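The structure under discussion appears below in the form of structure tokens.
In this note's numbering, the protein residues as written are 227 to 426.
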């Protein structure tokens, strides 16, 4: 049975461009799925990927549907979806997932799509470091986040931490872009909200 992409607010041409025909995405040992009402994102050591090594831009997220929603919202910026790769890590990117991604693609531009909550900002930092072959450690200390990177450490307020603030404090230039949804925690929520408002 073909999915009704309109329920999610996603134009059919977007998943079709990547050969996606349903809303179940196999990560090997686990699956991401959407049944029209519920959305499940697995914790997994594997990845879901589409796109060859030479694509110009790679979108990175914890959810395939989140990447499709982002592309649906910003379709005019991506006239050729054949130049875009998609990689989903599941709930929390692992070191091995990031190492594989780093070695597979041939120096593309990376765009991070991990939402707007504070945990998403920590994931942005984790991914940015992992793609450089580095790692950052996070600890919760008396209501603040202690970030340890290389031989340095710095405290951040949870509400203020971001990849930008991390790069500024530690003198890091990742060259990565982070894109955040407007007034919603995910691009999928933003897209569905727009579809509901249009129907009224």
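C-beta atoms are modelled at their ideal positions from N, C-alpha and C, and glycine is treated no differently.
On a predicted model such as this, the values are computed, not experimentally measured, just so you know.
{"query": "Residue 323 versus residue 375 - alpha carbon distance", "result": "20 Å"}
{"query": "Backbone secondary structure at residue 356 - three-state DSSP", "result": "helix"}
{"query": "Bounding residues of the alpha helix (DSSP H) (the contiguous stretch that carries residue 296)", "result": "290 to 299"}
{"query": "Length at least 4, wholly inside the region 324 to 389: the alpha helix (DSSP H) runs in chain order", "result": "344 to 356"}
{"query": "Which of helix, strand or coil DSSP assigns to residue 394", "result": "helix"}
{"query": "According to DSSP, residues forming a beta bridge with residue 257", "result": "252"}
{"query": "Buried versus exposed call for residue 334 [16 or more other C-beta atoms within 10 Å across all chains shown]", "result": "buried"}
{"query": "Beta-carbon gap between residue 287 and residue 314 smaller than 7 Å", "result": "yes"}
{"query": "Neighbour-count burial assignment, residue 383, 16 or more Cβ in a 10 Å radius", "result": "exposed"}
{"query": "Selection from 230, 317, 357 that minimises the alpha carbon distance to residue 326", "result": "357"}
{"query": "Burial state of residue 366, where buried means 16 or more other Cβ atoms lie within 10 Å", "result": "exposed"}
{"query": "Run of the beta strand (DSSP E) containing residue 402, from where it starts to where it stops", "result": "Note, residue 402: premise wrong, no beta strand (DSSP E); not H, not E."}
{"query": "Outcome for residue 298 when other beta-carbon atoms lying within 10 angstroms are tallied against a minimum of 16", "result": "buried"}
{"query": "For residue 276, three-class secondary structure by DSSP", "result": "strand"}
{"query": "Spatial distance of residue 338 from residue 405 (CA atoms)", "result": "6 Å"}
{"query": "Start-to-end residues for the alpha helix (DSSP H) that takes in residue 281", "result": "Unbroken run through residue 281: none, as it is neither H nor E."}
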